[in-house]
Amino acid sequence: MTSTLAPQPVERAKPARPGAVPRRRTRVLALPEARWAAAATALFLLALPLQLTGAPAWTWGALYALSYVTGGWEPGWEGLKALKDRTLDVDLLMVVAALGAAAIGQVMDGALLIVIFATSGALEALATARTADSVRGLLDLAPATATRLSPAGEEQAVSVEELEVGDLVLVRPGERVGADGRVLDGASEVDQATITGEPLPVVKEPGDEVFAGTLNGTGALRIRVERDASDSVIARIVRMVQEASETKAPTQLFIEKVEQRYSLGMVAATLAVFLVPLAFGVQLTDALLRAMTFMIVASPCAVVLATMPPLLSAIANAGRHGVLVKSAVVMERLGQVDAVALDKTGTLTEGSPRVTDVRPLPGSGLGERELLTLSAAAERPSEHPLARAVVDAARERGLELPDAHDFTSAPGVGVTAVVGGRTVEVGAPARLADDAVAAVADLEESGRTAVLVVVDGTPAGLLGIADRLRPDAAATVASLARLTGTAPVLLTGDNPRAAAHLATEAGIDDVRAGLLPQDKLAAVKEMESAGRKVLVVGDGVNDAPALAAAHTGIAMGRAGSDLALETADAVIVRDELAAVPATVALSRRARRLVVQNLVIAGVFITGLVAWDLAGDLPLPLGVAGHEGSTVLVGLNGLRLLREGAWQRAAARGDG
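Heads up: the sequence shown begins at 75 in my numbering, then just goes up one per residue.
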């Protein structure tokens, strides 16, 4: 039941509203694997209580038979088709083992085995479909059409696929950029968080580069196209996610080789157990009984349950604490990581700008409260993220904001309004007295964005705005360093100065800033080529290639992009960063229990098989030993369901 994400044809659709990305999610029951698994599970759950309460055999027997058919026909059919290619997989072997169990009266055991494998196949199919949905939906970030300008200046609406390198494109306020290119004329602020992860819009002027799928602000831009649609940054992100997903194939090939050897060995051993005694004159029924007993005791049911209960229990426990781990394979891989790469905006930080400093300039005659009141009143009509941060800061301090009149906004410059008869300008610190330059430098050196407030033509004060570090960020960084033995790395598209300041607060020394998605991907591949098993934690579209390429990827759930959430192997639903080291510690404990269970299962299977081959193992005793080992390893794995298991993992994560 292995699969990888394969590229699929994409049909563009216009977003339902400006800036929105349509969600095209495959419904669970739209997948045939999910429908068959649900039917098999329902039939099994109907049959089991009937059998346990002593109902007539024909009632529960028919239900079990239907469970065999609904859950087992597809893997059985695929296994038969594989036989035509001279391959034998474990799925077919499980179906044969289930039928063998039924043949000697262990109908319920066989049905349970069928249900387990049918459910596993359905979950894998769903994960693959949802990832493909997100990759296809990513292309909708770029608009379906663009406004192309002719040499004479005439406007023409064309499909973005028709744009060629050298074409001139007009991007109006509020529109998404249709192609990668360079600004020829105009000025605006462009929200390019989907590409770089920067929390604030970036001023774009003639000569600056823009990317397809980014959202234009209040100004109009005339852009020269520099890349074909198939080679845009968004298109490259899609290809990188697909290619990174496919790089997991070597692991799948290794598993298939193990399956082949085990399957062939089981078939050969079962036939030998049946045919060799016949050759020495043993009765047919006795030989068949011994062979079927061998098939039961050598069945990998105990091995399957030795692995799954600890991992599934860990998944359930993590889920109760806001961590969605998408599969047992992911839970196992989390415990193997020995290096961590963290995104900045929305991961280490809260992802939204906040006012951190209010500094009246000498001689302005204003206090902090009056300066913030005037600034917030002037900014209130604006929709810019910095304006919202100023207004929110005033409201948090309980300030009453007077009405503003004659409001105007200039992209890349700021806003102007009349507040209480005074003209207030709030924007970039382009004009300052010499004694205020040092204050701006101090704010910017500490990683803040400096905003100048001018009242009646005179500089009156400065506001410092920054994205705030999560309260648990520093403790999480320290915990991950202790767990993996190496300090985490910061990978961000933000500017180096802001990144360095925040990294210092979080306790990170290795900072790589100004990175585009392909740069983050290259950094992860560099770490993995050095033999590290990298855990990437991020939240944006720009993190998706790195999340897909990493040994394991975790996405922050609340503000995470659809693609990051679907590409990641796990999601922190509540955005509690401290849950990352706790989940890693829980995974390591689950892996230790898996090893314990495999030893227990191996001892039982080896002992029972040796008894059956060397002596005369009674069928009831063989079944009891087989079922006993299954119950034992199952109960051992379920220990991780307890609340104390998470608390111990969190404590270990805390050092």
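A virtual CB, placed ideally from N, CA and C, is assigned to each residue, including glycine.
Everything numeric in this text was worked out from a predicted model, so none of it was measured.
Any idea what DSSP makes of residue i, helix, strand or coil?
{"i": "Q230", "result": "strand"}
{"i": "I646", "result": "strand"}
{"i": "H616", "result": "Note that residue 616 is Asn in the sequence shown here, rather than His. Correct three-state label for N616: helix."}
{"i": "L448", "result": "helix"}
{"i": "D584", "result": "strand"}
{"i": "K400", "result": "coil"}
{"i": "E249", "result": "coil"}
{"i": "L543", "result": "strand"}
{"i": "T161", "result": "coil"}
{"i": "K278", "result": "strand"}
{"i": "D302", "result": "coil"}
{"i": "A534", "result": "strand"}
{"i": "A491", "result": "strand"}
{"i": "E499", "result": "strand"}
Leaving aside the five residues before and after residue i along the sequence, list all residues of the same chain whose C-beta is less than 7 Å from its C-beta, in chain order.
{"i": "E816", "result": "Residue coverage of the chain in this structure runs from 75 to 729, which leaves residue 816 outside it and unanswerable."}
{"i": "L327", "result": "The predicted position of L327 is uncertain, since its pLDDT is 46 and thus under 50; no value can be drawn from it."}
{"i": "R109", "result": "L103"}
{"i": "M630", "result": "G420, T421, D613, I646 and D649"}
{"i": "T626", "result": "V404, R407, L408, V411, L609 and D643"}
{"i": "A203", "result": "T100 and L105"}
{"i": "G588", "result": "G567, N569 and P570"}
Buried or exposed: residue i, going by 16 or more other Cβ atoms within 10 Å of its Cβ?
{"i": "H395", "result": "buried"}
{"i": "L576", "result": "buried"}
{"i": "D730", "result": "This structure leaves residue 730 out entirely; the chain is present only between 75 and 729."}
{"i": "L244", "result": "buried"}
{"i": "E263", "result": "buried"}
{"i": "F354", "result": "exposed"}
{"i": "A129", "result": "exposed"}
{"i": "E236", "result": "exposed"}
{"i": "A684", "result": "exposed"}
{"i": "Q180", "result": "buried"}
{"i": "E238", "result": "exposed"}
{"i": "E474", "result": "exposed"}
{"i": "R606", "result": "buried"}
{"i": "H479", "result": "exposed"}
{"i": "G240", "result": "exposed"}
{"i": "W132", "result": "exposed"}
{"i": "L621", "result": "buried"}
{"i": "Q357", "result": "exposed"}
{"i": "A512", "result": "exposed"}
Using C-beta distances below 6 Å, list every residue in its chain close to residue i, excluding the 5 sequence neighbours before and after it, in chain order.
{"i": "L448", "result": "V493 and V498"}
{"i": "Q230", "result": "R222"}
{"i": "G501", "result": "V487 and G488"}
{"i": "R301", "result": "D254"}
{"i": "G730", "result": "As displayed, the chain neither begins before 75 nor continues past 729, which places residue 730 out of reach and without an answer."}
Cutting at 8 Å between CB atoms, please list the residues of its own chain near residue i, excluding the five before and the five after it.
{"i": "S438", "result": "L445, V529, T532, P533, A534 and G535"}
{"i": "N710", "result": "P383, P384, L667, Q670, N671 and I674"}
{"i": "D546", "result": "E650, L651 and A652"}
{"i": "R256", "result": "G281, D282, E283, V284, I297, R298 and E300"}
{"i": "T321", "result": "Because T321 carries a pLDDT of 44, less than 50, the predicted location of this residue cannot be relied on, and no value is offered for it."}
{"i": "L137", "result": "L117, F118, L120, A121 and L124"}
{"i": "I310", "result": "The question names Ile, but residue 310 is Arg in the sequence shown. Closer than 8 Å at the Cβ level, and outside the excluded window around R310, lie P591 and Q592."}
Check for me: the beta strand (DSSP E) holding residue i runs from which residue to which?
{"i": "V528", "result": "T523 to V529"}
{"i": "S69", "result": "With the chain represented from 75 up to 729, any question about residue 69 goes unanswered, as that position is not in the structure."}
{"i": "G287", "result": "Note, G287: premise wrong, no beta strand (DSSP E); not H, not E."}
{"i": "K158", "result": "From DSSP, K158 is part of no beta strand (DSSP E) but of the alpha helix (DSSP H) over A131 to K158."}
{"i": "L416", "result": "A413 to L416"}
{"i": "E235", "result": "Per DSSP, E235 belongs to no beta strand (DSSP E) and is neither H nor E."}
{"i": "R256", "result": "G255 to G260"}
{"i": "I222", "result": "The question names Ile, yet the displayed sequence has Arg at residue 222. Per DSSP, R222 belongs to the beta strand (DSSP E) from T219 to L223."}
With residue i as the anchor, note down where its alpha helix (DSSP H) starts and where it stops.
{"i": "E424", "result": "No alpha helix (DSSP H) contains E424, which is instead part of the beta strand (DSSP E) from T423 to P434."}
{"i": "I628", "result": "That residue, I628, is in no alpha helix (DSSP H); its beta strand (DSSP E) goes T626 to M630."}
{"i": "F481", "result": "No alpha helix (DSSP H) holds F481; the beta strand (DSSP E) holding it covers A478 to A484."}
{"i": "R462", "result": "P459 to E470"}
{"i": "R556", "result": "A547 to T558"}
{"i": "P106", "result": "P106 to L126"}
{"i": "D55", "result": "Missing from the structure shown is residue 55; the chain here goes from 75 to 729 and no further."}
{"i": "S661", "result": "A653 to A688"}
Let me see if you follow: with CB-CB separation under 8 Å, is residue i close to chain B or not?
{"i": "A231", "result": "Chain labels in this structure do not include chain B; a single protein chain is all it has."}
**Request:** Please confirm if the stretch 551-568 is in contact with the stretch 457-476, defined as three or more CB-CB distances below 8 Å between the two stretches.
**Result:** no
**Prompt:** Any chance the stretch 399-410 sits against the stretch 655-667, with 3 or more Cβ pairs inside 8 Å?
**Reply:** Touching, per the Cβ criterion.
**Request:** Could you tell me whether the stretch 139-150 touches the stretch 107-121, using the rule of 3 or more Cβ pairs below 8 Å?
**Result:** They touch, by the three-pair rule.
**Asked** Are the stretch 516-527 and the stretch 535-549 touching, with three or more C-beta to C-beta distances below 8 Å?
**Response** yes
**Asked** Would you say the stretch 610-629 touches the stretch 414-427, given that touching needs at least three Cβ pairs under 8 Å?
**Response** Judged by Cβ distances under 8 Å, the stretch 610-629 makes contact with the stretch 414-427, as three or more pairs qualify.
**Message:** Does the stretch 365-372 come into contact with the stretch 343-352, if we say contact requires no fewer than three beta-carbon pairs (one atom in each stretch) closer than 8 Å?
**Reply:** The stretch 365-372, when compared against the stretch 343-352, does touch it at the 8 Å Cβ threshold.
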